[in-house]
Structure formats: C-alpha cells, structure tokens
Amino acid sequence: HGQEKKAGCMSRLIIVSNRLPMSLQAQEDGSYTLHQNVGGLATAIGPYHRSHKDSLWIGWSGIDPQKYSEKELAGIRQAYRESRCIPIFLSKEELNGYYAGFSNNTLWPLFHDFSHEAVFRQEDWEMYRKVNMRFAQVVEPLIRKGDTIWIQDYHLMLLPKMLRERYPDASIGWFLHVPFPSAEIFRSLPWSREILEGVLGANLIGFHTVDFSASFLASLHRLLPELPVNQDGVVEMPDGHRAAIDAFPIGIDYNLYRRTAHSSLARAMRRGIDEVCGKSPRHRYRTSVTAEGVAANEATASDANWWSHYMKEDIPESTLAKQAASSVGSRSNKVIVSVDRLDYTKGLPERLQAFGRMLDKYPEWVGHVTYYLLATPSREVVESYQRLKAQVDQLVGEINGRYSLLAWTPIHYITRSLSIKPVCGIYTAGDVALVTPLRDGMNLVAKEYLACHDGRDGTLVLSDMCGAADELTDAFIVNPYDIDMVCEALHNALEITPEESKRRNIRMQARLKVRTAANWCTSFLDSLRQVSAPGMTDRRL
Ligand code: ADQ
C-alpha cells in the first residue's frame, strides 16, 4: 500500500484498454447506472483506478451508438465520467474489423499457437489501424505533462507508437495479457513489423513470463535486426526513447477470493453440491444454481437405502468387485470442478476426453466422482467458437449417456454466466480443479481456486502451457494434449491425502498472498516510471 501511494503521488495514470471496467445499465427513469465488470483486468487494475482519484480509464463502451440519440449518448458519457471512465463508441463495421476480425480472428489464435484458426484479411488490418487511431484521438487531448499512460493487451498494439509520435517525452507502458508466440509463428503475420514498431512506442513492454519476453526479443531480432537491444532487454529507439522488455506475472486479489469462499452463498453451494454428489449420503438434495447465484436446496424423497439399491443394480459386477478391493468405494465421493470461458485455447474437449478415459480405466470412480463443468460461451459470432460449443455439447452428452446411473450423472454442465460468489461456491466444492488450457497467458482460475481453498485441502491439476505453471509448481502439472497423462494426474489428484494436498497448497498460497493483483500493478508502474524518467541510462537503478 505504501508503494502504491508513493507511485500514485508521482503522476496521474491514464489506463487504456479495449473494454472499460464498467458496464452500463439503463434505469426506468431514463438515467444510467454503472456496474463493475468481472474478469481479470477489471479486478486487477480496478482497485488501483478507484483508489487514485485522478486516474482515468479509456475504453470501448460495449454500446452500439446507432441505437441511441445524441442526448442519450451525452447522458451515457456523463454516467461514465462519474467513475472517471471515458467511453469510446464503435460502429458495427468498426467492431467487425477491429474486434471480431483482427483482434479475435487473427491475433488471438496466432498468439495462442492456433495458426490454423488465424485469418489474415487486409480489410480487418486496416480497420484495426483505424480503430487504434480512434483510441489515439480520444487519449491525446487528455494527456498532461507528467502523466503515465498504461495501454492494455493485443487489441491496442499500434497505440503506443501513435501516442509517442505526438508526445515524444510521454511515459507509456504496454502489457500483453496473452502469450507472445515464437518468432516462427509471429513472422507469418503479414503486418508483423508494423505491430512490433507499434508496441515499441512504449517505454516498458510487459509480459506474464520470461518466456514470452524472450519470444518477443527473438521476433525483434529476426524482424527488426537494425534495432540495438542491450543485455537487459532495453531497446534504443531511433527517436531517442528507450523501450524496456520485462516479465510481470499478474496475481489475484487473494483476500477477495478467500473471503468470498466463506460467504453464505458459496457455503450453501458447497453443501448443496456435496449432497448432490453423495458426499453426505443420508439425504439426497436437488440444487439449482441460478444466474443470480441462488443455491436452493430441495429435499427429494430418496434416502441412503434407496440410493445404494439403485447404485448397486446399475454398476456392473466387475466394477463392484474393484470398488470392494480398493479403498475408493468406502471413502467419501469426490467432486472435480473447472471454470472457463468457452474458448478453444482452454482445452475443453481434451479435458473431457481425459475425464471419460479415467472413468473407463478406473471404473471404481463410476458413481463416485462428479464433474462440475462451468463453461460460459464467449465470442459467439465467431464460427470457430460455434463449432467448439457443438463439440463440447456432444462430448458431455456422450460421457453422460455412456456412464450415467439412475441417480448419478458424471458431468454437471453449466453454460450460464455466473458472478463471483457462485463461481467461488463451485471452487470451494471442488476436491480437484482441472485447469488444462492448451495455451494461456497466465490463467487466473488456477489462482482463484487456491485462494478459495486457503487453509484447506483441494488439489490443482494444471496445464504446463499457461503462465501460471511457472509459479504454481506444486500442482499436478500436465501436458494438456496428453490425454493419458491428464487421466493419470486426475486419478492421482483424487486419491491424494488431505495432508499432502494441504502441504502442496500452503507453498503456492504463500506466494499468491504476496504476488497479488495490486502488487502486479504497482511493480509494473514503478518500473515504468523508472525506465521513462528523463536522462535515465540504466533501468536497474
Ligand atoms: P481470460 O482468457 O479471460 O484472461 P483467465 O485468466 O482465466 O482468462 O481469467 C478469467 C476470469 O474470468 C477469472 O477471474 C474467472 O474467475 C472468470 N471466469 C472465467 N470463466 C468464467 C465463467 N464461466 N463464469 C464466470 N466467471 C468466469 C486473459 C488471458 C489470461 C490472463 C488474464 C489476465 O487470456 O491468460 O490470465 O487475461 O491477464
């Protein structure tokens, strides 16, 4: 906090991101109110923005300006102004080219090593450049001498250079929330040089991991070999400014997740899920998780005898024999959880195959492990996302069809959007969290799960293809493409003793408590102020 205050006194912060951290809700009287968006960026930088009363945040409003009159748009601007947010309005055409097109159909797949999904269209590139210029035109008049400008993510890679041209002495930072690909992949982008030059307008270029920083440096070396880079990863630009490249792994608001895990709603959900999954077999309950996050428990007529009667009738003899021989049958049932946006980078089909394989290979888990799969559709206008949704629907259907018993369903599949409390309810109910993205910049879900299990057992199975794997080394680390490996890790994670699980968690939680979102914010901004201080020749000062 001391650090944060010190940084805040030094200069005003202007944050620029694709989306604003607040969304608008129209009231019946014609006025508007704002509510906080969920998601990594809003929770990471939001508290900094709120506590520094002179900071500004500029971003797309999410509103179609054609649906509103000039007077209404003025009202919307005013509502945002009260939270020091400045909305940018984009037309459908601009959004198609810049957001759905170049950002989500070109850069997103390319940066996540999904080159085969990447579409290269000249019109999208031109619109991306045009919209970056729109952002520049909104930001420029707001800049005052001494301000710090922090630009976020792959949507705005041309903006640092655009602002630099107008303000040669400005202090500009840019942070990438997704991976930076290898030079081999990056150079397949027809506009790769322009993108690199755009980013190099910044004084500090931040990534989640040292590997991503190294990939960026490799691309610089390959595509712009004329630029001198010193051994600390600082580039001397021809206009005299310096661009430093470094890693800043993002954290979470640890206390927020720890606290929310103890909220009455999260606890009710945990109890409800425990009961549905037979972890408290005396009474069977039906639990409904509504969009509002209300976990309503309703007792059904069944009791333990009824339950075991049907269970035994349904389970093949061979499985019962295995269960009798292993300790699993007599131990409490288990719950697996996962929380994702439905995105092809998150590895959902591979994860489902691994779960299905585990039921096949270790039938003693049949009837004894339930998977709560929260996967909320996103970017639904993009065709690859529609295909993915159909594939996930089908796999869930196949596994449930194949293994369900009369009173047990292997996968509870939820596609609604849930807010933080019910998400924490799901985290707390999970004996195991299955976090297996095929590629991910960081992955906050893994960290949030561990914060919700503060002081408790709860085992993390984590992909080695995400930034979080560099930090959470006590998790069960897996290659998400290796279905057998994920299947084995899942089985082992389910069998781990609570003591061993807690022992692993304590080490990871100790790190997460210190490397929080607030800490990420201040360490990036402190570094930015150091590298952009006038006359600075050594950024390690
Ligand atoms: P995302 O790709 O959105 O973020 P992630 O890091 O997992 O991925 O953050 C998602 C956030 O949204 C988390 O706070 C999570 O709780 C929430 N969330 C995810 N699915 C949800 C669901 N179905 N319902 C409700 N809430 C859900 C990008 C990068 C990441 C990087 C972050 C932050 O792709 O790699 O970690 O930015 O830099």
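Heads up: take any position in the sequence shown, counting from 1, add 54, and you land on UniProt numbering. Virtual Cβ for every residue (Gly too), placed ideally from N, Cα, C.
By DSSP's assignment, W204 forms a beta bridge with I69, G227. Residue nearest to A172 within the set S77, E124, T399 is T399 (criterion: CA-CA distance).
As a beta-bridge residue in DSSP terms, K388 pairs with V423. Looking at the DSSP output, L459 shares a beta bridge with W462. For M562, the secondary structure class from DSSP, reduced to helix, strand or coil, is helix. Judged by DSSP in its simplified three-state form, Y102 adopts helix. Per DSSP, reduced to three states, the secondary structure at L319 is helical.
At least one heavy atom of the ligand ADQ is found less than 7 Å from the C-beta of E502. For C478, the CB contacts under 8 Å within the same chain, skipping 5 residues up- and downstream, are Y311, T314, A315, S317, A320, E502, C506 in chain order. Here F530 is bridged, per DSSP, to V515.
No heavy atom of the ligand ADQ is found nearer than 7 Å to the CB of M216.
By the CB criterion at 8 Å, R561 and D528 fall inside the cutoff. Assignment of F156 by DSSP, reduced to helix, strand and coil, places it in the helix class. Rounded to the nearest angstrom, the gap between the Cα atoms of F234 and Y481 is 29 Å. Checking the DSSP bridge columns, you'll see C139 partnered with W111.
CA-to-CA, the gap between K125 and D118 works out to about 14 Å. Here DSSP, grouped into helix, strand and coil, assigns S269 to helix. Secondary structure within the segment 250 to 319: the beta strand (DSSP E) runs of 3 or more consecutive residues, fully enclosed, are 258 to 261, 288 to 290, 296 to 301 (chain order).
For the segment 466 to 493, the full-length beta strand (DSSP E) segments reaching 3 residues or more read 486 to 489 along the chain. Excluding the 5 residues flanking it on each side, D300 has same chain C-beta neighbours closer than 8 Å at L258, I259, G260, F261, S267, G287, S581, in chain order. By the neighbour-count criterion, in which 16 or more other beta carbons inside 10 Å mark a residue as buried, R470 falls on the exposed side. The beta carbon of A408 is closer than 7 Å to those of I537, V540, C541, L544 in its chain, skipping five residues each way along the sequence. Per DSSP, reduced to three states, the secondary structure at L74 is coil, with no helix or strand assignment. Annotated three-state conformation of Q81 is coil, per DSSP. Distances from the CA of S273 to each of V489, T570, A237 were compared; the closest alpha carbon is that of A237. In this model, R569 and D307 are separated by some 9 Å (Cα to Cα). Assigned with DSSP and collapsed to three states, Y535 falls in coil, not helix or strand.
The three-state secondary structure of V173, taken from DSSP, is coil.
Excluding sequence positions up to five before and after R138, its CB lies within less than 6 Å of the CB of L110, all in the same chain and listed in chain order.
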